[in-house]
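Counted from 1, the sequence shown has number 107 at position 1 by this note's numbering; the numbering is strictly sequential.
All C-beta atoms, glycine included, are put in the ideal place defined by N, C-alpha and C.
Please read these numbers as outputs of a predicted model, since none were measured by experiment.
Contents: one structure, followed by commentary.
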Amino acid sequence: ERAKEERGALQQALDEERRNGRTAQQQLSLERDELHERAKEERGALQQALDEERRNSRTTEQRLTSDRNLLQQKLEKEMQDRSLLQQKLEKEMQARDELQERTKEERGALQQALDEERRNGRTAQQQLSLERDELHERAKEERGALQQAL
Numbered sequence: 107e108r109a110k111e112e113r114g115a116l117q118q119a120l121d122e123e124r125r126n127g128r129t130a131q132q133q134l135s136l137e138r139d140e141l142h143e144r145a146k147e148e149r150g151a152l153q154q155a156l157d158e159e160r161r162n163s164r165t166t167e168q169r170l171t172s173d174r175n176l177l178q179q180k181l182e183k184e185m186q187d188r189s190l191l192q193q194k195l196e197k198e199m200q201a202r203d204e205l206q207e208r209t210k211e212e213r214g215a216l217q218q219a220l221d222e223e224r225r226n227g228r229t230a231q232q233q234l235s236l237e238r239d240e241l242h243e244r245a246k247e248e249r250g251a252l253q254q255a256l
């Protein structure tokens, strides 16, 4: 009788364990399915992020290439502008040198004329003085214009 009761109790425990086992197995199966679904969603999100990053990378690379090309063009233009300015400066320096030479020659001529006029009298000296002052004024203005140009 006791053995029968123990067998009955064991059978009940076994049935309970089987029910619990099925329930646990079902629970594990649900959890596994949820994990698979979550992993699938995460893989999809990661793939989208990767695709977006690749698009952005190409866009950034294209933008950088475009910026680099624009900067190269700007640099070339600035170098051309600089070359033109250098040529202009050289011309202006040459013009200044020529003006200085001309002024020197004019001074020499004026000095000779002045010496001659001194010999010829005071009135002529005053006239030359006026002319010299005018030439000096003109030379001063031209030097000022050249200085501004430089």
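Same chain, Cβ closer than 6 Å to residue i, neighbours up to 5 away in sequence not counted
| i | result |
| --- | --- |
| ARG257 | As shown, the chain starts at 107 and ends at 256. That puts residue 257 outside it, with no answer to give. |
| ALA109 | none |
| LEU220 | LEU234 |
| ALA245 | THR209 |
| GLU107 | none |
Rounded Cβ spacing between residue i and residue j (contact assumed at less than 8 Å)
| i | j | result |
| --- | --- | --- |
| ARG238 | LEU205 | Contact flag wrong, Cβ pair sits at about 16 Å. |
| GLU212 | LEU241 | 6 Å |
Reference residue i; option with closest CA among the options
| i | options | result |
| --- | --- | --- |
| ALA251 | ARG225, GLU198 and LYS183 | GLU198 |
| GLN253 | GLN154, ALA155, LEU195 and GLU211 | LEU195 |
| GLN193 | ARG138, LYS180, ALA255 and GLU111 | ALA255 |
| ARG202 | THR165, ARG144, GLU247 and ASN162 | GLU247 |
Close beta carbons around residue i, own chain, < 7 Å, minus the five adjacent residues each side
| i | result |
| --- | --- |
| GLU140 | none |
| LEU191 | none |
Distance cut-off 7 Å: residue i Cβ against heavy atoms of the ligand SAH
| i | result |
| --- | --- |
| GLU148 | This structure lacks the ligand SAH, and indeed carries no ligand of any kind. |
- [ ] Can you check the segment 150-184 for any beta strand (DSSP E) of at least 3 residues that lies completely inside it and give the ranges in chain order?
- [x] none
TODO: For the segment 184-253, list the beta strand (DSSP E) runs that are entirely contained and at least 3 residues long, ordered along the chain.
DONE: none
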